[in-house]
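Enquirer: Have a look at the structure that comes next, please.
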Amino acid sequence: MRLSRFFAPTLKENPTEAQVVSHRLMLRAGMIRQHTAGIYNWLPLGTRVLQNVARIIREEQDAAGAQEIIMPTIQSADLWRESGRYDDYGAEMLRIKDRHERDMLYGPTHEEVVTDIFRNNVKSYRDLPTNLYQINWKFRDEVRPRFGLMRGREFLMKDAYSFDIDYASARHSYNQMFVAYLRTFARMGLRAIPMVAESGPIGGDLSHEFIVLADTGESAVYCHKAYLDKPIPENVDYGADLTSIVQDWTSLYSATDEKHDAGKAAELGADLISARGIEVGQTFYLGKKYSTPLGAKVVGADGNSVDVEMGCYGIGVSRCVAAIIEASHDENGIVWPDSVAPFHVGIINLKVGDTACDEACEKLHRALGLQGYDALYDDRDERAGVKFADMDLIGIPWQIVVGPKGIAKGIVELKRRATGLKEEITPEGALAKLGATI
RNA sequence: CGGGGUGUAGCUCAGCCUGGUAGAGCGCCAGCUUUGGGAGCUGGAUGUCGUAGGUUCGAAUCCUAUCGCCCCGACCA
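For our numbering, count along the first sequence from 1 and bump the result up by 4.
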């Protein structure tokens, strides 16, 4: 992609409405633009990152055995009356009427809809367990949207729903999602710590919030410091018993403010971390909270009908983008982890119009494309400083700087955004190195 | 929903107190000079001063209403 033709309106100065760093940088890097309070347009750069985050989530959900579906954003109020939540949910739910004056709503969550799909189509325990998920837009009419994407009203969410015949099986489904979450967040460069949590209005009695520590986080959290470098499970067999992994990850102290036990925490002494955190995901064991009122039952092996055991599992996809920036930036801009970066590598042509520079850049651009890497080629007729500043602001993890001095000697500069380290290398060497490291 | 702040050019802001008919820097366009970390000079374009009323000979400025946005709190993926 040529930067001269790429729609990424960067800002030199900080927009006054953006008070937190992720919001500021997303506006400045041209990733998003605000539409109205808590509702945002995603520009090409932001869209790329959002899709990369969604891709990682999707891959890990699929690996854990969940199946992707798409449910409607606009729902009928009827189902919500059936579950009893139509009156309970409050003003946070956006209620609308269609042309026939029927009550509709923009879904803040999808327990009702997914349970309706289930009860209409699954009748036997033989079809269990099953886990359905979607990555879709939600709307919650927050009293006070704030911090850009961190608490938007419209947000992209991955929500999965598991259905099982009994508690033991439901617990396994829960564990599958729990482990998938550990892997998912790690892959996008986030250290997310599972913490015992209240289940809130969603319901149920077993729940974990996955929290990324950050000063700008909205909630106070407490955990053992060993969580910071605990190794993430690899090569997980999701069919096997996952209890030991989950136990390992839940045996150390960690709790959100509501579940905090000051006495227990004090026992940790210097090992206690008391910080603020961003909730990027939450898992809930629901039991029969929805299956009973909505009549989601299956016939068991003994021939008797039973209400199914459910669980639900959310990840704030758009919030993850903000959380990644909160966790990974410096004074010059965003520092994207390779896995979610909008482009793998940037090419900076320091002297557009210089035949040697132009040719070297074109060649690199083409070669990277052939290798399957997304490159952002800054071919603009701008000064070097502008290009360096923009490339750092946008946060491209690898940058190849092509200038007349170097190219005369047959070398370019390969820079790592995260460390700022630069090395002089031949164009071929840079390609080889990127091939090996991306 | 309580409290506070704010709305003037694409962005950051001055002007408002003390009314006299629209400003700066950056950005944008053209030209020249520059060119390895957000260049310099010259010229140029851009505003229903959030909106609606009111006061006044005259309103960005004073008054009233209203809308938007931001921050703190309560509430929440």
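Think of the CB as a built atom: it goes at the ideal place given N, C-alpha and C, for glycine as much as any other residue. All values reported here derive from a predicted model rather than from experimental measurement.
Going by alpha carbons, who is nearest to Ala164 out of Thr359, Gly243, Ile73?
Expert: Out of Thr359, Gly243, Ile73, Ile73 has the C-alpha closest to the C-alpha of Ala164.
Enquirer: Please say whether Val349 and Ala379 have beta carbons closer to each other than 7 Å?
Expert: Yes, the Cβ-Cβ distance between Ala379 and Val349 is below 7 Å.
Enquirer: Return helix, strand or coil for Tyr93, following the three-state DSSP convention.
Expert: Correct three-state label for Tyr93: coil.
Enquirer: Give a yes or no on contact between the stretch 91–104 and the stretch 254–274, applying the rule of three or more CB pairs nearer than 8 Å.
Expert: No, they do not touch.
Enquirer: My guess is that Ile169 and Val25 are in contact by the Cβ rule of under 8 Å, so how many angstroms apart are they, rounded?
Expert: About 47 Å; that fails the 8 Å criterion.
Enquirer: Give me the residue from Asp394, Gly320, Lys409, Trp402 with the minimum Cα distance to Lys355.
Expert: Here the closest residue by C-alpha is Lys409.
Enquirer: Would you list the one or two residues that DSSP bridges to His333?
Expert: Beta-bridge pairing links His333 to Ile338.
Enquirer: Specify the secondary structure class of Gln23 as computed by DSSP and reduced to three states.
Expert: Coil.
Enquirer: Any idea what DSSP makes of Arg103, helix, strand or coil?
Expert: Reduced to three states, the DSSP call for Arg103 is coil.
Enquirer: Do Gly315 and Ser173 have their beta-carbon atoms positioned less than 7 Å apart in this structure?
Expert: No, they are not a contact pair.
Enquirer: Leu336 and Asp396: beta carbons closer than 7 Å?
Expert: Reading off the sequence, residue 336 comes out as Asn, not Leu. Cβ atoms of Asn336 and Asp396: closer than 7 Å.
Enquirer: Have a look at Arg195 and Val339 and give me their C-alpha separation to the nearest angstrom.
Expert: Their Cα atoms are separated by approximately 15 Å.
Enquirer: DSSP puts Leu109 in a beta bridge; with which residues?
Expert: Leu109 is bridged to Gln79, Arg99.
Enquirer: Which two residues bound the contiguous beta strand (DSSP E) that contains His1?
Expert: No information on residue 1 is available, as it lies outside the stretch 5 to 442 that the chain covers here.
Enquirer: From Pro431 to Ile398, what distance separates their C-alpha atoms?
Expert: Using only the alpha carbons, I get a separation of about 23 Å.
Enquirer: CB-CB under 6 Å to Ser322, same chain, minus the five flanking residues each way: which ones, in chain order?
Expert: Excluding residues within five positions, the ones whose Cβ falls inside 6 Å are Leu153, Phe159, Leu160.
Enquirer: Among the residues of its own chain, which have a CB less than 6 Å from the CB of Pro13, if the five just before and after it don't count?
Expert: For Pro13, where only same-chain residues beyond five positions count, the Cβ hits under 6 Å are Gly34.
Enquirer: So what's Ala164 in DSSP terms, helix, strand or just coil?
Expert: DSSP places Ala164 in strand when its eight states are reduced to three.
Enquirer: Pull up the CB-CB distance for Phe182 and Leu132, whole angstroms please, since I reckon it's below 8 Å.
Expert: Rounded, the Cβ-Cβ distance is 19 Å, inconsistent with contact.
Enquirer: If I follow the unbroken alpha helix (DSSP H) through Gly119, where does it start and stop?
Expert: The question names Gly, yet the displayed sequence has Thr at residue 119. Its alpha helix (DSSP H) spans residues 115–125.
Enquirer: Nearest by alpha-carbon distance to His114: which of Leu49, Trp84, Arg387 is it?
Expert: Per the Cα distances, Trp84.
Enquirer: Is DSSP giving Lys234 helix, strand or coil here?
Expert: If DSSP states are grouped into helix, strand and coil, Lys234 belongs with coil.
Enquirer: Which residue's Cα is closest to the Cα of Glu105: Ser87, Gln55, Ala81, Thr119?
Expert: The option with the nearest alpha carbon to Glu105 is Ala81.
Enquirer: Among the residues of its own chain, which have a CB less than 8 Å from the CB of Leu47, if the five just before and after it don't count?
Expert: Closer than 8 Å at Cβ, skipping near neighbours: Phe11, Ala12, Pro13, Gly34, Met35, Ile36, Arg37.
Enquirer: Quick check: what's the CA-CA separation for His333 versus Gln71?
Expert: Approximately 34 Å between the Cα atoms of the pair.
Enquirer: Considering Cα atoms alone, identify which of Asp241, Asn140, Ile121, Glu202 is closest to Thr77.
Expert: The candidate whose alpha carbon is nearest that of Thr77 is Asn140.
Enquirer: Can you round the beta-carbon distance between Ile184 and Gln375 to whole angstroms, since I take them to be within the 8 Å contact cut?
Expert: Note that residue 184 is Ala in the sequence shown here, rather than Ile. In fact, because the Cβ distance is near 30 Å, the residues do not count as touching under 8 Å.
Enquirer: For my contact list, Ile236 and Leu186 are in at a C-beta cut-off of 8 Å; report their separation, rounded to the angstrom.
Expert: That belief holds up - the Cβ atoms of Ile236 and Leu186 are roughly 6 Å apart, short of 8 Å.
Enquirer: Quick check: what's the CA-CA separation for Ala244 versus Thr134?
Expert: Between Ala244 and Thr134, the C-alpha separation is close to 16 Å.
Enquirer: How many angstroms separate the CA atom of Pro112 from the CA atom of Tyr137?
Expert: Approximately 15 Å between the Cα atoms of the pair.
Enquirer: Please state whether DSSP places Thr220 in a helix, a strand or coil.
Expert: Of the three classes helix, strand and coil, the one that applies to Thr220 here is coil, per DSSP.
Enquirer: What is the rounded straight-line gap between the Cα of Ile215 and the Cα of His264?
Expert: The straight-line gap from Cα to Cα measures roughly 14 Å.
Enquirer: If you drop the 5 nearest sequence neighbours on each side, which residues of the same chain put their C-beta closer than 7 Å to that of Val118?
Expert: Counting only Cβ-Cβ distances below 7 Å, and skipping sequence neighbours, we find Met75, Leu136, Tyr165.
Enquirer: Between which two residues does the alpha helix (DSSP H) carrying Thr359 extend?
Expert: Here the alpha helix (DSSP H) through Thr359 covers 359–374.
Enquirer: Terminal residues of the continuous alpha helix (DSSP H) containing Ala189?
Expert: Sequence check: residue 189 is Phe here, not Ala. Note, Phe189: alpha helix (DSSP H), 171–191.
Enquirer: Out of Ile43, Ala58, Ile351, Gln251, point me to the one whose CA is closest to Asp382's CA.
Expert: Closest option to Asp382, Cα to Cα, is Ile351.
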